[in-house]
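Just so you know, the UniProt record's numbering puts 80 at position 80 of the sequence shown, and the rest follows in order with no gaps. We treat Cβ as the ideally placed atom computed from N, Cα and C, and that holds for glycine. Here the structure is a predicted model, which is why all the values come from computation and not from measurement. Taking it in order: structure first as structure tokens, then the write-up.
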Amino acid sequence: MNLILFVILIILIGIYSFKRYKKINYDLSRLPPLIPGKFYLGNYFDLKEQPVHLSLTKLGEKYHHAFCINIFGQLMVVLNSREAIAQILSSKTLEYADR
Numbered sequence: 001m002n003l004i005l006f007v008i009l010i011i012l013i014g015i016y017s018f019k020r021y022k023k024i025n026y027d028l029s030r031l032p033p034l035i036p037g038k039f040y041l042g043n044y045f046d047l048k049e050q051p052v053h054l055s056l057t058k059l060g061e062k063y064h065h066a067f068c069i070n071i072f073g074q075l076m077v078v079l080n081s082r083e084a085i086a087q088i089l090s091s092k093t094l095e096y097a098d099r
């Protein structure tokens, strides 16, 4: 009896993990490129070398004007140019204009 409950629990955890993985991948596909980093620390050490604004500018030169970073599991979108900011704000304004 305990073995059956254990197997059912493992199957439910597997289904939940798979659905969560698919949702995360879908959400990430709509974002700018994600800069590779360490497993859980993410890009923490990329930002620790210099003051944060200088580190982000340096990453922007390497990875373009819009990119994502991950720090301790928290995803952040970085926009490094006025053009990128204007493009995001203008496209989002049209989506939310009727609300």
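Identify the residues that DSSP records as bridge partners of ILE71: which are they? Answer by DSSP bridge pairing, in chain order: GLY42 and GLN74.
Segment contact flag, the region 56 to 64 with the region 73 to 93, C-beta cutoff 8 Å, min 3 pairs: At 8 Å Cβ cutoff, the stretches touch.
Buried versus exposed, by CB contacts within 10 Å (16 or more), ILE69: With 16 or more neighbouring CB atoms inside 10 Å of its own CB, ILE69 falls in the buried class.
Using the rule of at least 16 other Cβ atoms within 10 Å of the residue's Cβ for burial, across every protein chain shown, is LEU47 buried or exposed? It is buried - the Cβ of LEU47 has at least 16 other Cβ atoms within 10 Å.
When you compare each of GLY42, VAL52, LEU34 and PHE67 to ALA84 by their alpha carbons, which one comes out closest? Measuring C-alpha to C-alpha distances from ALA84 to each of GLY42, VAL52, LEU34 and PHE67 identifies PHE67 as the nearest.
Residues near PRO51 by beta carbon distance below 7 Å, same chain, minus five either side: Counting only Cβ-Cβ distances below 7 Å, and skipping sequence neighbours, we find nothing.
Residue interval of the alpha helix (DSSP H) (run including residue 104): Because residue 104 is not part of the residues shown, which for the chain are 1 to 99, the question remains open.
For LEU3, which three-state DSSP category applies? Secondary structure at LEU3: helix, using DSSP grouped into helix, strand and coil.
Nearest to PHE72 by alpha carbon, out of PHE39, MET1 and SER17? Closest in C-alpha terms to PHE72, from the list PHE39, MET1 and SER17, comes PHE39.
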